[in-house]
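Chemist:
Structural data, given as structure tokens:
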């Protein structure tokens, strides 16, 4: 039984093709402003490369753009999809922290049923999201792929008190003016995201095994500071960005069995 | 009705000094919003809702002309902003009470230079409508009666007094204390004295008794509509019940009694016939928190287009408006009756009081009575008291296994898709 999970995020579109509960192929690409087209292109491509037709698969969409594409048989929110996807990688998962392009969320999973029992999501603001990291990387003129690695070299992370992206940007500039190093400022930025997200996660009682996913999970400094804030080790799946797409595809499997 | 739709109200608005350009813009967008939220996205609505559809279509028409006529006959129009100002007293003095509001950020531009950024959307909007001359209801009022139920409003009265006569009634902070009741009664009496001067009329036992009965009757009819929502499937949507409550704040009480009771009759009939607005078993949501003024239908619309139905609101535009009642209206003197009025109003559990644990009890009871599946706390940004209570109550309710989520938002639409995700995830969870 083949199902496809299509996760259209605000920045990145992810597609996972599953045969029963095994992922056999995937696609990851920028969503761009024309995310409908990107979604369709990636979908057509993954079918073609695997010699499949539309009728051979069941499609579940999730993410920010889940209601905008017409290839889906059904749709589910990224909260439910991430809870399911986290258990694909770690069946014993207790909680999930997902930091994506424009939002971050914490999820607690029921041990008994594997369903979501509580969740929190950031309010309408970029604090504690991938976007915050992007804006700060830009201000520091460091490529986004390198900023995490660089931050880990800091011995004395700068204190960034503002959680607002706009204010934090001017805070970064004034830190520069006071002579703080790029490395220390970068570390401060990562700490600030971790503090914000960990605070939200603690409010709903997250615990181990905690699965860290979403695009920002690829950043090792955010992971390290999250572990410091939470006081325990957290785990990152092999494909952190695909968690939602895989979860959606798995829910598609469940739907078909019904 | 079609004939009155054709009535040209423009001269009346111009006479009132309305900013016609802005007012045209407002009335230009409202019908589209209403059509989208109420007409296109709902089916199988009660026929009696036709009245409210008409009222929204004629938002500043007939009712304003009625107020104009009443004023020509010497009556005074009194503007209020909170359910703590007793309507009974205003109507008993032959004046007309109009609940003023502000449920859209359309009017914010007019209050921007008077208020700080970080203030609740309701105050920003209401003040904007007033000083910007965009709301004919505001323009019709002879005096505004404020109260001290929140810090933002306390200061707003000071701003407004440069534009309109304002009288402020002091509501207590710790209402369970015996002296609070004494003080509240003294405040009600002071309000009577003030309104006697404004209206030139004298409060009498007969008049007060009669209006207490009338306003209680209006509340009873609203309770009937809410009672009907306890059924699964509910015979009316949350959105339709909400607009009924919103309009009740400024419409003529006699007409409200007639129209709301007609609606309640139809709903009871629908229940007998097993007619609902959604399928049986549709997830039922209780909303609790800050008031929703016209045209703030944002949260209800998101919930009800996500496959769930709102079955009750523990808000000022919901149960807090009409749930508590006079046990029996009897008394030989004005003092006796005002004592009853004070008791009835002090029975409303608003977050402006401390302590306010009775509100949590109310919420738990409503959750049970309405067979709700989950609770959504709704707080307008910068309303500290409701925001803090949402966190406190969320913890308590979760201990009892009740699914709860909290939303803090305002009138803007920029967070709609994010709210949709959060609400849909909540619905998938429960």
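Chains as they are written, first to last, in my numbering: chain A, 562 to 819; chain B, 32 to 461.
Backbone N, C-alpha and C fix where the C-beta goes; we use that ideal spot for every residue, glycine too.
These figures come from a predicted structure and were not determined experimentally.
What is the DSSP secondary structure of residue 579(A), reduced to helix, strand or coil?
Modeler: Correct three-state label for residue 579(A): strand.
Chemist: Rank 81(B), 87(B), 206(B) by C-alpha distance to the C-alpha of residue 63(B) and give the top, closest one.
Modeler: The shortest C-alpha separation from residue 63(B) is found at 87(B).
Chemist: Within 8 Å, do at least three Cβ pairs link the stretch 352 to 361 of chain B to the stretch 419 to 428 of chain B?
Modeler: No contact exists between the stretch 419 to 428 of chain B and the stretch 352 to 361 of chain B.
Chemist: With 7 Å set as the bound, which would you pick, yes or no: does the beta-carbon of residue 453(B) sit closer than that to a beta-carbon of chain A?
Modeler: Interface residue, yes.
Chemist: Do residue 700(A) and residue 681(A) have their C-beta atoms closer together than 7 Å?
Modeler: No, these two residues do not count as a Cβ contact at 7 Å.
Chemist: Just to check, is the beta-carbon of residue 665(A) closer than 6 Å to a non-hydrogen atom of the ligand MN?
Modeler: For the structure depicted, the ligand MN is absent and the ligand set is empty, with no information on it obtainable.
Chemist: For chain C, check one thing: does any of its Cβ atoms lie closer than 7 Å to the Cβ of residue 682(A)?
Modeler: Judged by its chain identifiers, the structure shown contains no chain C, and its protein chains are A and B.
Chemist: For chain A, find out if any of its Cβ atoms is closer than 7 Å to the Cβ of residue 43(B); answer yes or no.
Modeler: Cβ-Cβ to chain A under 7 Å: no for residue 43(B).
Chemist: Beta-carbon of residue 807(A) versus every beta-carbon of chain B: anything under 7 Å?
Modeler: Taking Cβ atoms only, chain B never reaches closer than 7 Å to residue 807(A), which makes this a no.
Chemist: Apart from the five residues on each side of it in sequence, which residues of its chain come closer than 7 Å, Cβ to Cβ, to residue 250(B)?
Modeler: So the list reads 353, 356, once near-sequence residues are dropped.
Chemist: Tell me whether residue 715(A) sits in a helix, a strand or coil according to DSSP, three-state version.
Modeler: Note: residue 715(A) maps to coil in three-state DSSP.
Chemist: Take residue 38(B) and list the residues in its own chain whose beta-carbon comes closer than 7 Å to its own, dropping the five residues that flank it on each side.
Modeler: Cβ within range, chain order: 92.
Chemist: Roughly how many whole angstroms lie between the Cα atoms of residue 180(B) and residue 56(B)?
Modeler: Answer to the nearest angstrom: the Cα atoms are 32 Å apart.
Chemist: By the 10 Å Cβ neighbour count, where 16 or more other Cβ atoms means buried, how is residue 753(A) classified, buried or exposed?
Modeler: Residue 753(A) is buried by the Cβ-count criterion.
Chemist: Tell me whether residue 309(B) sits in a helix, a strand or coil according to DSSP, three-state version.
Modeler: Three-state result, residue 309(B): coil.
Chemist: Within its chain, find whatever has a CB closer than 7 Å to the CB of residue 128(B); leave out the 5 residues flanking it on each side and keep chain order.
Modeler: Cβ neighbours of residue 128(B) beyond the five flanking positions: 109, 111, 118, 121, 122.
Chemist: Would you call residue 35(B) buried or exposed, if buried means 16 or more other Cβ atoms sit within 10 Å of its Cβ?
Modeler: Interpretation of residue 35(B) is limited by its pLDDT of 48, a score under 50 that renders its predicted location unreliable; no figure is taken from the coordinates.
Chemist: Among 817(A), 811(A), 815(A), which residue has its Cα nearest to the Cα of residue 650(A)?
Modeler: Among 817(A), 811(A), 815(A), the Cα nearest to that of residue 650(A) is on 811(A).
Chemist: Reducing DSSP to helix, strand and coil, say where residue 432(B) ends up.
Modeler: In this structure, residue 432(B) counts as coil in the three-state DSSP scheme.
Chemist: Residue 562(A) lies in the beta strand (DSSP E); which residues open and close that run?
Modeler: That residue, residue 562(A), is in no beta strand (DSSP E); it is neither H nor E in DSSP.
Chemist: Mapping the DSSP letters down to three states, classify residue 197(B) as helix, strand or coil.
Modeler: Note: residue 197(B) maps to strand in three-state DSSP.
Chemist: Quick one: what's got a C-beta closer than 6 Å to residue 336(B)'s C-beta in the same chain, skipping five residues either side?
Modeler: If we look at residue 336(B) and ignore the five residues flanking it on each side, its Cβ neighbours are 72.
Chemist: Does residue 459(B) get closer than 7 Å to chain A when you measure Cβ to Cβ?
Modeler: By this cut-off, residue 459(B) is an interface position.
Chemist: Do residue 711(A) and residue 688(A) have their C-beta atoms closer together than 7 Å?
Modeler: The answer is no: Cβ separation not under 7 Å.
Chemist: Pairs of beta-carbons, one from the stretch 400 to 412 of chain B and one from the stretch 148 to 167 of chain B, closer than 8 Å: are there three or more?
Modeler: Touching, yes, given that three or more Cβ pairs across the two stretches are closer than 8 Å.
Chemist: Comparing C-alpha positions only, which one of 675(A), 631(A), 691(A) sits nearest to residue 643(A)?
Modeler: For the residues 675(A), 631(A), 691(A), the minimum Cα distance to residue 643(A) belongs to 675(A).
Chemist: Mind checking if residue 640(A) is an interface residue toward chain B, Cβ cutoff 7 Å exclusive?
Modeler: Output row for residue 640(A): interface = yes.
Chemist: I'd like to know if residue 553(A) contacts chain B, where contact means its C-beta is closer than 7 Å to some C-beta of that chain.
Modeler: This structure cannot speak to residue 553(A), because chain A is shown only from 562 to 819.
Chemist: Just checking my contact of residue 195(B) with residue 172(B) at CB under 8 Å: how many whole Å lie between their CB atoms?
Modeler: The Cβ separation is near 7 Å, so the contact holds.
Chemist: So with CB distances below 7 Å, who are the chain B contacts of residue 569(A)?
Modeler: Those do not exist, as residue 569(A) stays about 12 Å from chain B at its closest Cβ, beyond 7 Å.
Chemist: Would residue 155(B) be called buried (16 or more neighbouring beta carbons within 10 Å of its own) or exposed?
Modeler: Classification for residue 155(B): buried.
Chemist: Roughly how many angstroms separate the alpha carbons of residue 665(A) and residue 758(A), rounded to a whole number?
Modeler: In a straight line, the C-alpha of residue 665(A) is about 7 Å away from that of residue 758(A).
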